[in-house]
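What follows is one structure encoded as structure tokens, with my remarks underneath.
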Amino acid sequence: MPSALTPERAVKEIANIYIKSDKEKGLKAHILPVIQSAVRGNRTDPVLTELKVTELEVETLLNSLDTNKATGSDEIPARLLKETASIITPSICKLFNKSLQQGTVPQDWKLANVVPVYKKGDKEYTENYRPISLLPIISKVLERYIFMNIRQHFSGIIYDHQHGFLQGKSCVTNLLEALDYIGAANFETVDGRAHH
């Protein structure tokens, strides 16, 4: 009977696969430290279920709202939330923390106004419009807080060479890094002279 797959055993098996394929391709085995750090058992990073928003964070998020954004199904404008931020912050903070603790959001925050937005072409044809969902702004404030914490949580874990879905990185930066790596591998210096 095969033994249970522990995180340590998974790391070894994945590393063996990469090391074998790297040896076959003649490349350096560079993936192992990344995999080990991703599944290390003695993490000190906070678990995302431990999120607890502070009043300062809520007020900062409310004050950063764009007052030109459309309202959602609750019809509470961003301007009202922004101008009353110092007054409503304690209540919003308690509501956010309860939501995070229970892992749910109020049902009303899930309701959206779906409106058509013109894309291109003849405005008389419905296929030239796309639907967008306008959610309550307060739900987007909580979403923003969660997003910022997820991004911060994973910033030290994500591999340096990851380019997708990261701020400041793209397909272009990925291509440039790959070309730089290939160029460096093909360009050796011997006795102070460059050789191809």
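With the first letter of the sequence shown counted as 1, position 180 gets the number 181 in my numbering; the numbers rise by one all the way through.
Don't be surprised by glycine CBs; every beta carbon is placed ideally from N, CA and C.
Computed from a predicted structure; not experimentally measured.
- Going by DSSP, TYR130 is part of the beta strand (DSSP E) stretching over 130-135.
- Exposed is the label assigned to ALA71, since fewer than 16 other Cβ atoms lie within 10 Å of its Cβ.
- Taking the CA atoms as reference points, ASP75 sits about 10 Å from SER140.
- Going by DSSP, PRO91 is part of the alpha helix (DSSP H) stretching over 86-103.
- For VAL115, the enclosing beta strand (DSSP E) stretches over residues 114-119.
- In summary, PRO117 is exposed, with fewer than 16 beta-carbon neighbours lying within 10 Å of its beta-carbon over all protein chains present.
- Per DSSP, reduced to three states, the secondary structure at ALA185 is helical.
- When the beta-carbon positions are compared, LYS120 and ARG131 come within less than 9 Å of each other.
- Here LEU66 really is in contact with ALA79; their C-beta atoms are around 4 Å apart, less than 8 Å.
- In this structure, the alpha-carbon of TRP110 lies about 27 Å from that of LEU167.
- Counting every other CB atom within 10 Å of its CB across the protein chains shown gives THR90 a total of 16 or more, marking it as buried.
- DSSP, read as helix, strand or coil, puts TYR146 in helix.
- Here LYS111 carries a helix assignment [DSSP, helix/strand/coil].
- If the five residues before and after SER92 are omitted, its C-beta is found closer than 6 Å to no C-beta atom of its own chain.
- Between VAL106 and SER134, the gap from beta carbon to beta carbon reaches 9 Å or more.
- When the Cα atoms are used, LEU52 and ASN150 turn out to be separated by approximately 8 Å.
- Where GLU76 is concerned, there is no enclosing alpha helix (DSSP H), because DSSP gives it neither an H nor an E.
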